[in-house]
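Enquirer: Everything in the sequence shown is counted per the numbering used here, starting at 2 for the first residue and increasing by one. Quick reminder that beta carbons are idealized off the backbone N, C-alpha and C, glycines included. Computed from a predicted structure; not experimentally measured. This is the structure I want to talk about, given as structure tokens.
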Amino acid sequence: MDISVLSNEKRLRLLLCLEKPHSVSQLLEKCNLSQSALSQHLTKLKRAGFVNCSRHGNRQIYTTKNKKIIKVAKSIIELI
């Protein structure tokens, strides 16, 4: 796991959004990011091993691989 991806506040907030599974369109509404920014952040989180992606029909559903990362993200945000 590459924890350097946790140095970005928007990615931390995105992890909080992923406490429950969400589609890309749901994340766009909930996280206030552009589609390209969301895609880049999800790719980095996925490559780092923090996020899973599964396909349901024509939708991609994202969720965290480990719920403990939610607690870590919350703690880091509180410190910022």
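1) If you count every other CB in all the chains shown that lies within 10 Å of the CB of Ile70, and 16 or more means buried, which is it?
2) Sorted by chain position, which residues of the same chain lie with C-beta nearer than 8 Å to Ile78's C-beta, five sequence neighbours on each side aside?
3) Where does Ile4 fall in DSSP's three states?
4) Quick check on the DSSP output: the alpha helix (DSSP H) that includes Ser26 runs from which residue to which?
5) Assuming Ile71 is part of the alpha helix (DSSP H), what are its boundary residues?
Expert: On the basis of the coordinates in this document:
1) buried
2) Answer for Ile78: Glu10, Leu13, Arg14, Leu17, listed in chain order.
3) helix
4) In this chain, the alpha helix (DSSP H) harbouring Ser26 covers 25-32.
5) 69-80
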